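Colleague: Provided herewith is a single structure, encoded as structure tokens, for subsequent inquiry.
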Amino acid sequence: MEIKLDVNMTKDILTKGIRFHRETNLDNEACKKIKELTDLFVSVIFELNIVKAHTLYEPNNLSGKEIREHIDKFLKSVEIETKGFEEE
Numbered sequence: 038m039e040i041k042l043d044v045n046m047t048k049d050i051l052t053k054g055i056r057f058h059r060e061t062n063l064d065n066e067a068c069k070k071i072k073e074l075t076d077l078f079v080s081v082i083f084e085l086n087i088v089k090a091h092t093l094y095e096p097n098n099l100s101g102k103e104i105r106e107h108i109d110k111f112l113k114s115v116e117i118e119t120k121g122f123e124e125e
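This is the structure we're talking about:
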């Protein structure tokens, strides 16, 4: 059986409960959610790298170039955002 869902994911949904609660059980739950987000984002980046690699089989294909540009912009924005936190 296949079930299709159309879900509008927002940062608020993805980060719900991730806060410094100053209460051990709630903070442990926040850590668990952060681990789940880590797994999700690592999987997404892995899949995007596979797509990018596939576009390189036809490096001059215009839509493939556009896909690579969008993936590169995404990865660059992730890098910029994470560097800001590393410097604090």
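In my numbering, the protein residues as written are 38 to 125.
All C-beta atoms in this analysis are idealised placements derived from N, C-alpha and C, irrespective of residue type, glycine included.
Treat the numbers as computed from the prediction; the structure is a model and nothing was measured.
Sorted by chain position, which residues of the same chain lie with C-beta nearer than 8 Å to glutamate 66's C-beta, five sequence neighbours on each side aside?
Modeller: Position 29 of the sequence shown, counting from 1, holds the residue named residue 66. Hits under 8 Å: Gly54.
Colleague: Comparing alpha-carbon positions, which option in Glu60, Ile108, Leu63 lies nearest isoleucine 87?
Modeller: Within the sequence shown, the letter at position 50 stands for residue 87. Among Glu60, Ile108, Leu63, the Cα nearest to that of isoleucine 87 is on Ile108.
Colleague: DSSP state of histidine 107, grouped into three classes?
Modeller: In the sequence shown, the residue the question calls residue 107 occupies position 70. Three-state result, histidine 107: helix.
Colleague: Could you tell me the alpha carbon to alpha carbon distance between lysine 120 and isoleucine 40, rounded to whole angstroms?
Modeller: Here the question's residue 120 lines up with position 83 in the sequence shown. Here the question's residue 40 lines up with position 3 in the sequence shown. Each residue's Cα considered, the two are about 39 Å apart.
Colleague: Would leucine 51 and leucine 74 be called neighbours here (beta carbons separated by less than 8 Å)?
Modeller: Here residue 51 corresponds to residue number 14 of the sequence shown, with the count starting at 1. Here residue 74 corresponds to residue number 37 of the sequence shown, with the count starting at 1. Contact flag set, yes.
Colleague: Check for me: the alpha helix (DSSP H) holding glutamate 66 runs from which residue to which?
Modeller: Counted from its first residue, the sequence shown places residue 66 at position 29. Unbroken alpha helix (DSSP H) run through glutamate 66: 61-92.
Colleague: How is aspartate 43 classed by DSSP in three states: helix, strand or coil?
Modeller: Within the sequence shown, numbered from 1, the residue matching residue 43 stands at position 6. Coil, per DSSP.
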